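In the working numbering, the protein residues as written are 40 to 113. The beta carbon of each residue, even a glycine, is placed where N, CA and C say it ideally should be. Just so we're clear, the structure is a prediction, and the values are computed from it rather than from any experiment.
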């Protein structure tokens, strides 16, 4: 139960004052255990942005230090 005296805040902003779309755009989830969905590596990389370009996919793989590993896969 959320206390009315101590609202949840992002920095100093009470989340109840934010449009839900703004709140959701600024929240992410990082699991403790790695999780891979069924499908291709590209589909896994694109999970959060299905319309990603090839350049964005490669950039994401490089940022995750996975690009060289991916290139070695069959």
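*residue 52, DSSP secondary structure in three states*: strand
*Taking C-beta to C-beta, are residue 102 and residue 84 nearer than 8 Å?*
no
*How many whole angstroms separate the CB atoms of residue 79 and residue 96, which I take to be in contact at a CB cut-off of 8 Å?*
Contact doesn't hold; Cβ gap of about 10 Å is too wide.
_Nearest candidate by alpha-carbon position, reference residue 74, set 45, 54 and 86_ = 86
*Taking residue 64 as the reference, which of 54, 92, 108 and 111 has the closest Cα?*
For residue 64, the nearest C-alpha among the options comes from 54.
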